[in-house]
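S.K.:
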Amino acid sequence: MSNLALKVYNRNVKENQSRLRKKGEIPGIIYGEFLEENLPVKMCNAELRRLLRKNSSGSILEVSLEERKIKCVVKEVQKNEKHEIIHVDFQYIKPNEVIKMRIPVKFIGQDLLEAKRLTLETHNLYIDLQGDVEKIPESIEIDASDMKLDDKVFIEDIVIPADITILSDSKTLLAVVSSQYFS
Numbered sequence: 001m002s003n004l005a006l007k008v009y010n011r012n013v014k015e016n017q018s019r020l021r022k023k024g025e026i027p028g029i030i031y032g033e034f035l036e037e038n039l040p041v042k043m044c045n046a047e048l049r050r051l052l053r054k055n056s057s058g059s060i061l062e063v064s065l066e067e068r069k070i071k072c073v074v075k076e077v078q079k080n081e082k083h084e085i086i087h088v089d090f091q092y093i094k095p096n097e098v099i100k101m102r103i104p105v106k107f108i109g110q111d112l113l114e115a116k117r118l119t120l121e122t123h124n125l126y127i128d129l130q131g132d133v134e135k136i137p138e139s140i141e142i143d144a145s146d147m148k149l150d151d152k153v154f155i156e157d158i159v160i161p162a163d164i165t166i167l168s169d170s171k172t173l174l175a176v177v178s179s180q181y182f183s
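Going by UniProt numbering, the sequence shown opens with residue 1, and the numbers climb by one from there.
1) Judging by CA-CA distance, which residue of V13, V159, K7 is the nearest neighbour of R68?
2) When DSSP labels each residue in this structure, what does N45 get in the three-state scheme?
3) Should N177 and L120 be called a contact, given that it needs their Cβ atoms to be closer than 8 Å?
4) Return the CA-CA distance between M1 and K116, expressed in angstroms with no decimal places.
5) Tell me the DSSP secondary structure of L20 in three-state form.
6) Return the first residue and the last residue of the alpha helix (DSSP H) that E114 is part of.
7) If the criterion is Cβ atoms closer than 8 Å, does the pair I93 and V63 meet it?
8) On the three-state DSSP scale, how would you describe R68?
9) Can you give the Cα-Cα distance for T165 and I155, rounded to whole angstroms?
10) When the Cα atoms are used, what is the spatial distance from N10 to L65?
11) Label G28 either buried or exposed according to how many other C-beta atoms from any shown protein chain fall within 10 Å of its C-beta, with 16 as the threshold for buried.
12) Excluding sequence positions up to five away, which residues of its chain have a Cβ less than 7 Å from the Cβ of E134?
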């Protein structure tokens, strides 16, 4: 979790979102089971991008809205075809709240595979988890450096904290090692 609070401002839902983006602001929404109603917000594009360099979907952020600070999970960052951020969804969370999250899977050690003339083909880069918001990892890292030709990684091969539930099918293929050269 980042220790910086993202400053957001109330947004009128009738405000033109294209005009907001031209002014350097990004529209967003804060929603959650424990909010009376969804909160349309806007934030500085540069500040949001700076924060997202160190955080991603699944990250818990402190959001500063007017005089109050609330904790939110980055649920979705929508981008256009130029990969510019056009909208952000935040889910308001309470401490120890049980939530569902889609967590990215990151593979490391691929350079060592390539040195052995092997390639890691990724098939699925996300896993759906449910559990205490404070215990769900922001991402899952898998070391591929010791893998061999035709090795496969399935969701069932991943070790997660005991009190977290995997919602994705355990037989889902995440990656397979193949040869860079075809015979």
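Beta carbons: idealized from backbone N, C-alpha and C, even for Gly.
Given the structure is predicted, the values throughout are model-derived calculations rather than measurements.
M.R.: Quick answer:
1) Closest in alpha carbon position to R68, among V13, V159, K7, is K7.
2) When DSSP states are grouped into helix, strand and coil, N45 belongs to the helix group.
3) Rather than Asn, the amino acid found at residue 177 in this sequence is Val. Yes, they are a contact pair.
4) No answer about M1 holds up, because its pLDDT of 44 lies below 50 and its placement is not dependable.
5) When secondary structure is reduced to three states using DSSP, L20 falls in the helix class.
6) For E114, the uninterrupted alpha helix (DSSP H) run begins and ends at 110–115, by DSSP.
7) Not in contact: I93 and V63 (Cβ atoms no closer than 8 Å).
8) In the structure shown, R68 sits in a strand (DSSP, three-state: E or B).
9) Approximately 12 Å between the Cα atoms of the pair.
10) Rounded to whole angstroms, N10 to L65 spans 7 Å at the Cα level.
11) Buried, by the Cβ-count rule.
12) Hits under 7 Å: P95, N96.
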